[in-house]
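Remarks on the structure that follows.
4 protein chains.
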Amino acid sequence: MTRIDRDVATRAFNHALEHHEQAFEQFFIAKLLGFEISYPDDTCRVEFAVADFMYNPQGSLHGGVVALAMDVSMGHLLNRLQGPGATLEMKIQYLRAVRGGRVVATGSVLRRGSSIAFLESRLTNQDGELAAMATSTWRTSPAKPREPGLPRT
Amino acid sequence: MTRIDRDVATRAFNHALEHHEQAFEQFFIAKLLGFEISYPDDTCRVEFAVADFMYNPQGSLHGGVVALAMDVSMGHLLNRLQGPGATLEMKIQYLRAVRGGRVVATGSVLRRGSSIAFLESRLTNQDGELAAMATSTWRTSPAKPREPGLPRT
Amino acid sequence: MTRIDRDVATRAFNHALEHHEQAFEQFFIAKLLGFEISYPDDTCRVEFAVADFMYNPQGSLHGGVVALAMDVSMGHLLNRLQGPGATLEMKIQYLRAVRGGRVVATGSVLRRGSSIAFLESRLTNQDGELAAMATSTWRTSPAKPREPGLPRT
Amino acid sequence: MTRIDRDVATRAFNHALEHHEQAFEQFFIAKLLGFEISYPDDTCRVEFAVADFMYNPQGSLHGGVVALAMDVSMGHLLNRLQGPGATLEMKIQYLRAVRGGRVVATGSVLRRGSSIAFLESRLTNQDGELAAMATSTWRTSPAKPREPGLPRT
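Put into structure tokens, the structure is as follows:
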């Protein structure tokens, strides 16, 4: 009977419980999965270390977790650029199974209009190989000016 | 500062830690999210109760969790019918935000060929309304006879 | 060297040239492909006879023609229900090659909101088997009352 | 009543009738739409001039024609690299309406495996702006050695 590494999962859970806040970048799922979120060059980069508690029954990173990371990379980029949006749809292609290491999902904009935005995300494995490709369509909130001096959450 | 319900999340985590096994239906993520998996009438039904630890930063069920449940409903159905497969791609449309209650993702087969299978999944909210629609394409393992009398896991 | 049936193609072209009008149901491409469009039971049905001038290089109905028929079945349904929309995205799965006979694409609504609509379409071959499955997302025009007594084009 | 330019359509049709051959690059639809197909740098480039006979009822390039061009750019690239394949699925996002000018669909490989290939295609308008984005998944034929000296069709 295969079981996950209890210590790794427990540390991740306790860390998330302590440090989350239900806001962009800080929400519970993102903390549980150890997402490190940054915004280099008009992209959003979501990096995390694959752990066996994220596995599917066949012993690789679950496609739903891949979807989650890619969704976050696009939704956080859109939020950064324009304010929170709503995913209308997302498609993901799974090019390679991922079994470990650090992976990076990088979201970027295909086009941003006044009410609709189109984004893509590419997830690479530890060796920098493309492991998943996603495209998505979002309804954007009306762009509004932000108060100067306030950090973006 | 909004935080999740610690007790609900902790009970879910401890339950998953105790009762998971890295096999179909029993793997850690499925247990953490409380998936109840059954196979009525050539479909696979994944039912679970939405909890706030599954939320996105905007306070509704995260699209990645929706994707995960729908992926499971299709992958488990395929496994049941034919043995484990690999997702080549999945597309999800998000029709309605889900904020609570019990949701059900129901996977069904569009077509199963010898090496490729096409599936769909529909996720309904507590009121039975369609909240998400997914279609996906899978590479199937060569169908092989199963030992009689052995339960499928 | 394989060539198409000149007579069939020429008849289709001349028919389209004479009878088209750049409006819903009557536009040139729809006439060229022989689309018969009807609206039974809250769906839009696009029926046509496959001809070899619609083939791909491998001798079956081109995936792009399949896409076109399915797009028309969804766009025309939306137009009928609500006025003209714009396709944001469409995904098509190709389940079976189609080599001849009459095929039917049937569009239906997954959900229609005030500014966004989600639709699906299923294309069946001459034997009634599912040959292609599509889902799509549309931006809808603001619903406006229609003049009574005017037929919808 | 809006009608298409008869002369442009008739010239395109007669040209296709004379010059097509049901093979890669030369098949009837490709000739009718005036596709110019080339293979720069591991991509496949499909260029054509938008004409009003390719329009939807709303007066822009029909999404099905866009799908067709993008499908061709991916299928022809795959054929060039590996032999003919079959589209399992394709998703297209429509970023901008196209009303005229010369457009280019450029197909490229995301990953090619032994039995499955993942491709993308980007369609740009006359001003070089991204007007449509497609990704697709293909079943590839077993790679087989080609007879030396024979041109690839």
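Chains as they are written, first to last, in this note's numbering: chain B, 1 to 153; chain Z, 154 to 306; chain L, 307 to 459; chain F, 460 to 612.
Glycine residues also receive a C-beta, built at the ideal position from the N, C-alpha and C atoms.
- Per the coordinates, the alpha-carbon of F:Ala591 lies some 8 Å from the alpha-carbon of F:Ser580.
- Counted as a single uninterrupted DSSP element, the stretch harbouring Z:Thr155 is not any alpha helix (DSSP H), since DSSP gives it neither H nor E.
- When DSSP reads this structure, Z:Ile190 sits in a beta bridge with Z:Val199.
- Using beta-carbon distances, F:Thr502 does not count as an interface residue toward chain Z, since no partner is under 7 Å.
- Its chain contains Ser213 as the residues whose beta carbon lies nearer than 6 Å to that of Z:Arg252, once the 5 sequence neighbours on both sides are disregarded; these appear in chain order.
- Less than 7 Å divides the Cβ of F:Glu506 from the Cβ of F:Val563.
- By DSSP's assignment, Z:Leu272 forms a beta bridge with Z:Val262 and Z:Ser289.
- Taking every protein chain shown into account, the CB of B:Asn14 has fewer than 16 other CB atoms within 10 angstroms, so this residue is exposed.
- Among the CB atoms of chain Z, one or more fall inside 7 Å of the CB of F:Glu548.
- Closer than 7 Å to the CB of Z:Gln235 there is not a single CB belonging to chain L.
- Here DSSP, grouped into helix, strand and coil, assigns L:Val404 to coil.
- For F:Thr599, no CB of chain Z lies under 7 Å from its own CB, so it is not counted at the interface with that chain.
- Contact check for F:Leu527 against L:Gly370 passes: the beta carbons are separated by less than 7 Å.
- Non-local C-beta neighbours of L:Met307 in its own chain, meaning closer than 7 Å and more than five positions away in sequence, are absent.
- At a Cβ-Cβ threshold of 7 Å, L:Thr412 and L:Trp444 do not count as neighbours.
- Within 7 Å of the CB of L:Ile422, the CB atoms of chain B belong to Leu88 and Arg139, in sequence order along the chain.
- F:Phe487 sits away from L:Phe334, with the two beta carbons spaced by 7 Å or more.
- Our two residues, F:Leu536 and B:Gln126, have alpha carbons roughly 28 Å apart in a direct line.
- Residues of chain F whose Cβ lies closer than 7 Å to the Cβ of L:Pro363 are, in chain order, Gln481, Ala482, Phe483 and Phe486.
- Going by DSSP, B:Phe28 is part of the alpha helix (DSSP H) stretching over Phe28 to Leu32.
- For Z:Ala220, the nearest beta carbon of chain B is closer than 7 Å to its own beta carbon.
- Within the same chain, and ignoring the five residues on either side of F:Thr583 in sequence, the residues whose Cβ sits closer than 7 Å to its Cβ are Val562, Val563, Leu589 and Ala590.
- Not flagged as an interface residue toward chain L: F:Tyr498, since no C-beta distance is shorter than 7 Å.
- By the Cβ-count criterion, L:Asp347 is exposed, with fewer than 16 other Cβ atoms from all chains shown falling within 10 Å of its own Cβ.
- Within 10 angstroms of the beta-carbon of L:Glu324 lie fewer than 16 other beta-carbons, which makes it exposed.
- For B:Ala51, the closest of B:Lys91, B:Gln26 and B:Arg6 by C-alpha to C-alpha distance is B:Arg6.
- With respect to the 7 Å criterion, Z:Pro237 and Z:Ser294 are classified as neighbours on the basis of their beta carbons.
- Ranked by how close their Cα comes to the Cα of Z:Arg164, the residues Z:Ala250, Z:Lys184 and Z:Ile245 have Z:Lys184 in first place.
- With respect to chain F, the C-beta atom of L:His321 has no partner C-beta closer than 7 Å.
- Taking 7 Å as the CB threshold, L:Asp313 stays off the interface with chain F.
- Close CB contacts of F:Ala556 within its chain, under the 6 Å cut and outside five residues either way in sequence, are with Ser519 (chain order).
- According to the DSSP assignment, L:His368 belongs to no alpha helix (DSSP H), since it is labelled neither H nor E.
- With 16 or more other Cβ atoms inside 10 Å of its own Cβ, F:Gly534 counts as buried.
- Across the set Z:Tyr247, Z:Met243 and Z:His215, the C-alpha of Z:Tyr247 shows the shortest separation from the C-alpha of L:Phe424.
- In the three-state reduction of the DSSP assignment, F:Gly544 falls in the strand class, which pools E and B.
- Around Z:Glu178, the same chain offers Ile190 as residues with beta carbons nearer than 6 Å, after the five sequence neighbours per side are excluded.
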